[in-house]
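Numbering (my numbering), first residue to last: 1 to 293. Positions of the beta carbon are idealized from the N, C-alpha and C atoms, including for glycine. All values reported here derive from a predicted model rather than from experimental measurement.
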């Protein structure tokens, strides 16, 4: 990942980073990493939305490797980044398009307001710039604004956008992807199942990827959203959006630890270039305020 994007990522995570690094600076000023310091660090990590499981894992690692040593805030930030990167590394997987699947069908799901439509548009632009030929399907027939937004993104990417009549059956449009208004209400989840059934009538192997878009500003609620959708469909990966508007970016680490699902990309802004493949080391160092490697 280019340094230019690391700078944007670091800037986007400013609110989360400030929350974490201020606590580290207040806690560690050339003091020993004793039981009291570890307890304070654990509370700080939980407060930063990394979650109790991740916090406990990091503290165990610090206890093994650094207990009783004098440490400074920069040393803690660097060591913390290393431990977080270890947790994130297994899920930092790019979304690979299998070109033997024609078309390769991506189904986008998520609750309202998580950035599904914008993320679809950004992906379309990225794929078009790479020489591929994306097609968008406006499955959210109930929200005219979402359809219009998708058409704007389609025009930018020179990608065709399939739309239907207002309030039409979303499943009837489900050939390539959907923006869906789906969330954890039973009736709407049944709509999601119907869309998948219709897609499989066209291609039994599709959808080839089912991606859940998560809004970082929801914090630990993102874990509940993952569980809800996993209970309904076979999620294949996650995309985390709106990191630039959140002080809860630590939830990405909690997602990695608790779900094990691939995190394909993260978003830190409105431009297509602000959606980038997820990199464990870069994210960990941006989150903790450690210097890039």
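N-terminal and C-terminal residue of the alpha helix (DSSP H) that residue i is part of
i           : result
residue 88  : 73–88
residue 23  : 14–27
residue 227 : 221–232
residue 259 : 251–259
Per DSSP, the bridge partner or partners of residue i
i           : result
residue 310 : Residue 310 is absent from the model: the chain starts at 1 and stops at 293.
residue 108 : 211
residue 162 : 137
residue 70  : 32
Own chain residues within Cβ distance below 6 Å of residue i, not counting five before or after
i           : result
residue 97  : 104
residue 219 : 49, 248 and 251
residue 71  : 28 and 33
residue 259 : 226
residue 171 : Bear in mind that a pLDDT of 49 at residue 171, under 50, signals an unreliable position, so the number given afterwards is only what the model happens to contain. Here the set comprises 194, 195 and 198.
residue 184 : In this predicted model, residue 184 has a pLDDT of only 47, less than 50, meaning its place in the structure is not dependable; the value taken from the coordinates is given anyway. Excluding positions up to five away in sequence, the list reads 228.
residue 76  : 24 and 28
residue 5   : 276
residue 286 : 9, 10 and 13
residue 262 : 91, 93 and 237
Which of helix, strand or coil DSSP assigns to residue i
i           : result
residue 313 : The first residue shown for the chain is 1 and the last is 293, placing residue 313 beyond what the model contains.
residue 92  : strand
residue 197 : helix
residue 122 : helix
residue 184 : Because residue 184 carries a pLDDT of 47, less than 50, the predicted location of this residue cannot be relied on, and the following value inherits that uncertainty. Coil at residue 184, not helix or strand.
residue 7   : helix
residue 114 : coil
residue 55  : helix
residue 98  : coil
residue 49  : coil
residue 248 : coil
residue 129 : helix
residue 205 : coil
residue 154 : helix
residue 271 : coil
residue 293 : coil
residue 149 : helix
Close beta carbons around residue i, own chain, < 8 Å, minus the five adjacent residues each side
i           : result
residue 121 : 136, 149, 150, 152, 153, 154, 156, 157 and 272
residue 264 : 93, 94, 95, 211, 237, 238, 239, 277 and 278
residue 66  : 33 and 79
residue 257 : 51, 53, 54, 57 and 87
residue 269 : 8, 12 and 244
residue 115 : 213, 215, 241, 242 and 267
Cβ shell of residue i (< 7 Å), same chain only, five flanking positions each side left out
i           : result
residue 253 : 50, 54, 84, 87 and 88
residue 234 : 210
residue 245 : 217
residue 52  : 46
CB-CB length for residue i against residue j, believed under 8 Å
i           : j           : result
residue 205 : residue 57  : With 8 Å as the limit, residue 205 and residue 57 do not qualify as a contact, their Cβ atoms being about 37 Å apart.
residue 288 : residue 20  : 6 Å
residue 44  : residue 23  : 4 Å
residue 79  : residue 62  : 7 Å
residue 109 : residue 192 : 6 Å
residue 207 : residue 106 : 7 Å
residue 81  : residue 290 : 4 Å
Check: residue i C-beta below 7 Å from any heavy atom of the ligand ADP
i           : result
residue 129 : Absence of the ligand ADP is noted for the structure shown, with no ligands found whatsoever.
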